[in-house]
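Here the structure comes first, spelled out in structure tokens, and everything after it is commentary.
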Amino acid sequence: MLGEARERNRRADEVNEWQRQVDEQVLIAVALQEEENQGRRHSSQAGRRRNVERHRHSRGKNLLEDYFISTYLYSDVDFRRRFRMQTHLFNKVMHDICNYDAYFIQKCDAAGVLGLLPEQKLTAVIRMLAYGASADQVDEIAQMGKSTTLEALVRFCQAVETLYTRDYLRRPTPRDLQRLLQKAEARGFPGMIGSIDCMHWQWKNCPTAWQGDYGNRKGQKSIILEAVAGFDTWVWHAFFGVAGSQNDLNVLGQSPVFNDVLRGQGPNVTYEVNNTGATGSITNSGTRSFLSLLFNAK
Numbered sequence: 006m007l008g009e010a011r012e013r014n015r016r017a018d019e020v021n022e023w024q025r026q027v028d029e030q031v032l033i034a035v036a037l038q039e040e041e042n043q044g045r046r047h048s049s050q051a052g053r054r055r056n057v058e059r060h061r062h063s064r065g066k067n068l069l070e071d072y073f074i075s076t077y078l079y080s081d082v083d084f085r086r087r088f089r090m091q092t093h094l095f096n097k098v099m100h101d102i103c104n105y106d107a108y109f110i111q112k113c114d115a116a117g118v119l120g121l122l123p124e125q126k127l128t129a130v131i132r133m134l135a136y137g138a139s140a141d142q143v144d145e146i147a148q149m150g151k152s153t154t155l156e157a158l159v160r161f162c163q164a165v166e167t168l169y170t171r172d173y174l175r176r177p178t179p180r181d182l183q184r185l186l187q188k189a190e191a192r193g194f195p196g197m198i199g200s201i202d203c204m205h206w207q208w209k210n211c212p213t214a215w216q217g218d219y220g221n222r223k224g225q226k227s228i229i230l231e232a233v234a235g236f237d238t239w240v241w242h243a244f245f246g247v248a249g250s251q252n253d254l255n256v257l258g259q260s261p262v263f264n265d266v267l268r269g270q271g272p273n274v275t276y277e278v279n280n281t282g283a284t285g286s287i288t289n290s291g292t293r294s295f296l297s298l299l300f301n302a303k
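Put into structure tokens, the structure is as follows:
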């Protein structure tokens, strides 16, 4: 009996040892598989998107030679037409934005490789805004990937809104109004503080259910932008979002442009028209307004 018990214990020990070895082998196999999978996720292999060598440094050099150095290839007229602004304005905006957001500054990556020039990033953004170009289209101009281009676009818009809204898209002060009145009178429009009008922004991908509201008289789907601009192209009012089926008077009825005046909180600025005192007005060159505040310049 004692011998049989020892034999059973020996066999049990062998089984346990065999099971332990199997468990260890399974754990090793699982660890090796996980390591292999991680390697596949972080390395290039057949079937995955390949890394594109865009030669961004040579393209950045060519871009500087084309527009931004003293011996540039294209003239100031070409720059103005393609960038929709003068060179000095582009440089000022680039300087301000680089000081605001270090994302636009050229710097080295973790491998010590220089990144994109600020001129490349802003060129891509300006071309998208000026021409409605896609990220793939400006890739050929600035040699930037789609994700980088879209990120630069978002950061550029955020920077411009933060930096310039307070100075440029603000209500005119009494001093501003006096300056606008003096300039307008010298140009033959006494009492005018600005020109108001609407433009239609075409909405190509307007949802089908909304096309009735947003269809304009030209058969296009659009959203209306109302703006007030002075003689020096200072746009101090912008109202955007009205459906394209509405006319200028409908937009004006929804616009906040005269809210301060209607609440009695507007600046107290006076002028004379035909020896009659009045307050500062805004011309409406497109329609005849029912508001006595407006004078039609058409």
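Sequence positions in the sequence shown follow our numbering and run 6 to 303.
Backbone N, C-alpha and C define an ideal beta-carbon position, used for all residues, glycine too.
Remember, it's a predicted structure, so these values are computed and weren't measured experimentally.
- From the listed residues I201, A248, K97, P179, the smallest Cα separation to A214 is found for A248.
- A check of alpha carbon separations from I229 across G235, A243, D237, W239 identifies A243 as the nearest.
- Within its own chain, the residues whose Cβ lies closer than 7 Å to the Cβ of T92, once the five positions on either side in sequence are excluded, are D81, F84, listed in chain order.
- Shown here for W206: same chain residues with a beta carbon closer than 7 Å to its own, the five before and five after excluded, namely S227, I228, L230 in chain order.
- Between the C-alpha atoms of V256 and D218 there is a straight-line separation of about 13 Å.
- Beyond the five residues adjoining it in sequence on each side, Q259 comes within less than 7 Å, by CB distance, of V247 in the same chain, given in chain order.
- Note that the C-beta distance between M99 and Q125 is not below 8 Å.
- An exposed status is given to A116, since fewer than 16 other beta-carbon atoms sit within 10 Å of its beta-carbon.
- Inter-residue distance for P179 and V165 is about 26 Å (C-alpha atoms, whole angstroms).
- Scanning P177, S200, M197 for the CA closest to the CA of D265 turns up P177.
- By DSSP's assignment, Q207 forms a beta bridge with S227.
- Taking a 10 Å sphere around the C-beta of F109, we find 16 or more other C-beta atoms and assign the residue as buried.
- In the DSSP assignment, V256 falls within the alpha helix (DSSP H) that extends over 253-259.
- Where A243 is concerned, the enclosing beta strand (DSSP E) starts and stops at 240-248.
- Only residues of its own chain outside the window of five on either side were considered, and among them none has a CB closer than 7 Å to the CB of L94.
- Three or more Cβ pairs drawn from the region 67-78 and the region 117-136 lie within less than 8 Å of each other, which places the two stretches in contact.
- Taking the Cα positions, V143 is about 23 Å away from C113.
- One thing to note: I146 has its Cβ no nearer than 8 Å to the Cβ of R160.
- With a 10 Å radius around the Cβ and a threshold of 16 neighbouring Cβ atoms, T170 comes out exposed.
- Under the three-state reduction of DSSP, A232 is assigned to strand.
- Membership of V82 in the alpha helix (DSSP H) is indicated by the continuous run 81-88.
- G220 is bridged by DSSP to K226.
- According to DSSP, C113 shares a beta bridge with L119.
- In this structure R192 does not touch F245 by the C-beta definition: roughly 28 Å separates them, more than the 8 Å allowed.
- Measuring C-alpha to C-alpha distances from D181 to each of V118, N252, D202, W239 identifies W239 as the nearest.
- Between G137 and V130, the alpha-carbon positions lie close to 10 Å from each other.
- It is roughly 43 Å from the alpha-carbon of Y105 to the alpha-carbon of R222.
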